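Under full-length UniProt numbering, think of the first position of the sequence shown as 1, with each following residue one higher.
All residues carry an ideal CB built from backbone N, CA and C; glycine is no exception.
As the structure is a prediction and not an experimental result, all values here were calculated from the model.
A short write-up of the structure that comes next.
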Amino acid sequence: MGKIYQVVVSTFWGRKTAIDLGSTEEQFRSMTVLQLKEKIRKKFPDIPGKDNTETPNWRMIFTDKRLDYDDRLLSSYGIQHLSVIQLVKNHSSKSCCS
1 MGKIYQVVVS
11 TFWGRKTAID
21 LGSTEEQFRS
31 MTVLQLKEKI
41 RKKFPDIPGK
51 DNTETPNWRM
61 IFTDKRLDYD
71 DRLLSSYGIQ
81 HLSVIQLVKN
91 HSSKSCCS
């Protein structure tokens, strides 16, 4: 059995969970921000912005960097196996409710 490459997502509602990103280093290194967003939406089906027609009321942060560019590779932000990604509320979003 091989290694599963993962990141840990820490949510704004207090939950931490591992997200699988691939079974090879090549798969992990080719993962984009958009692909991670899609995996988060699948893992948390009740999260707002579940599909691409809705503007999510959350964003992802790694260290002090916002992961805003969907086409960028996670590795370009320095994200490695078991890095912690913070999921935070995006209060500037029009779809966000108090």
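- Compute the beta-carbon to beta-carbon distance between F62 and I47, rounded to the nearest angstrom, for a pair I have assumed lies under 8 Å. In the sequence shown, residue 62 corresponds to position 62, counting from 1. In the sequence shown, residue 47 corresponds to position 47, counting from 1. The pair is not a contact, with the Cβ atoms about 18 Å apart (cut-off 8 Å).
- Query: Is the beta carbon of S82 sitting closer than 8 Å to the one on V8?
  - Reply: Your numbering for residue 82 matches position 82 in the sequence shown. Your numbering for residue 8 matches position 8 in the sequence shown. Reading the sequence as shown, one finds Leu at residue 82 and not Ser. Going by C-beta atoms, L82 is nearer than 8 Å to V8.
- With a floor of 4 residues, list each alpha helix (DSSP H) that falls wholly inside the stretch 51-90, ordered by position along the chain. none
- Query: What separation, rounded to the nearest whole angstrom, lies between the Cα atoms of L87 and D20?
  - Reply: Numbered from its first residue, the sequence shown carries residue 87 at position 87. Numbered from its first residue, the sequence shown carries residue 20 at position 20. L87 and D20: Cα-Cα distance of roughly 16 Å.
- Message: Tell me the rounded alpha-carbon separation between S23 and T11.
- Response: As a working note, residue 23 is residue 23 in the sequence shown. As a working note, residue 11 is residue 11 in the sequence shown. Going from the Cα of S23 to the Cα of T11 covers about 24 Å.
- Query: Where do the N-terminal and C-terminal ends of the alpha helix (DSSP H) with I47 fall, by residue?
  - Reply: Numbered from its first residue, the sequence shown carries residue 47 at position 47. Neither: I47 is in no alpha helix (DSSP H) and is coded neither H nor E.
- N- and C-terminal bounds of the alpha helix (DSSP H) containing F28: Against the sequence shown, residue 28 aligns to sequence position 28. First-last of the alpha helix (DSSP H) with F28: E25 to R29.
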